Amino acid sequence: MEHKLLIECQRNDRNAQRKVYEKMAGKLYSVCKRYLKNDEDIEEVLADTFYKIFTKLNQLQNHEIFEAWAKKIAVNECLQKLRSMKALEISLDEEFVESKEAPTDSISFEKDILKLLNFLPEGCRAIFNLFAIEGYPHKEIATMLSISEGTSKSQLNFARKKLQELLVNHNI
């Protein structure tokens, strides 16, 4: 992101904010889509994310890490939304939803995996995203979600197992 554009955003320049929004909305929408299923929830979280970005931009010391910083805000907003929905009551006994049809089109392996994440229970999906996609360690995930490290690890294993089953059963 251009340093000059971010400085203009810090000065509450609406045109600069619109440009940042246009450049970042698609990327941040994709991040939110990995955590949330409902488009209304995603839109709400995206709005909250941009609100935080624009109100806290003056706290960002290094504009070179803007995109990573914005992505982290989006992830935190998604987790906050999941907590508010009480969707992170994680249990190994949580039922796996098999009633949905798995995607059959093979656009690309990565896109198929991301589609398959929608078939995981909310808590497993959040942990899988944080660990496998975002790169957070189990200790940090446990802190973020107010769970134990062991729960984080077991839910990750549960998610991997279910994803493998989906991949095998649906020839992806």
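Under the UniProt record's numbering, think of the first position of the sequence shown as 1, with each following residue one higher. Heads up, the beta-carbon is just placed ideally off N, CA and C, and yes, glycines get one too. Predicted model only: the values in this text are computed from it and were never measured.
Residue i, enclosing alpha helix (DSSP H) - first and last residue
i	result
Gly135	From DSSP, Gly135 is part of no alpha helix (DSSP H); its letter is neither H nor E.
residue 174	Beyond the ends of the chain as shown, which are 1 and 172, falls residue 174; an answer cannot be given.
Lys72	66-84
Ser154	149-169
Lys52	39-56
Gln59	No alpha helix (DSSP H) contains Gln59, which DSSP labels as neither H nor E.
Residue of the options minimising C-alpha distance to residue i
i	options	result
Gln155	Ile7, Val168, Leu120	Leu120
Arg14	Asn38, Lys27, Phe50	Phe50
residue 178	Tyr29, Pro137, Leu145	Only positions 1 to 172 of the chain appear in the structure, and residue 178 is not among them; the question remains open.
Glu8	His63, Cys32, Leu28	His63
Asn58	Asn157, Lys4, Gln10, Ala142	Gln10
Glu67	Lys52, Asp41, Leu28	Leu28
Asn129	Tyr21, Leu36, Asp41, Val168	Leu36
Asp41	Arg83, Leu60, Ile53, Ala70	Arg83
Ala16	Met24, Leu5, Gly26	Leu5
Arg18	Asn38, Ile53, Gly135	Ile53
Val70	Leu114, Asn38, Lys81, Ala25	The amino acid occupying residue 70 in the given sequence is Ala; Val does not appear at that position. Of the listed residues, the one whose Cα sits closest to Ala70 is Ala25.
Gln61	Phe131, Pro137, Asn157, His3	His3
Leu167	Gly135, Leu114, Pro137, Ile147	Leu114
With 16 other Cβ atoms within 10 Å as the buried cut-off, status of residue i
i	result
Lys139	exposed
Lys56	exposed
Arg125	buried
Ile107	At Ile107, the pLDDT of 44 sits below 50, so the modelled position is not reliable and the matter cannot be decided from this model.
Met85	exposed
Val20	buried
Val31	buried
Ile65	exposed
residue 181	Since the first residue shown for the chain is 1 and the last is 172, residue 181 is missing from the structure and cannot be characterised.
Lys23	exposed
Anticipated Cβ contact below 8 Å, residue i with residue j, distance rounded
i	j	result
Arg34	Leu117	6 Å
Ile133	Ser152	In fact, because the Cβ distance is near 14 Å, the residues do not count as touching under 8 Å.
Glu149	Ala159	That belief does not hold up - the Cβ atoms of Glu149 and Ala159 are roughly 16 Å apart, past 8 Å.
Discussion item. Check whether the region 71-81 and the region 37-49 touch, using three or more Cβ-Cβ pairs below 8 Å as the test.
Written reply: Remark: three or more beta-carbon pairs, one from each stretch, lie closer than 8 Å, so the region 71-81 and the region 37-49 are flagged as touching.
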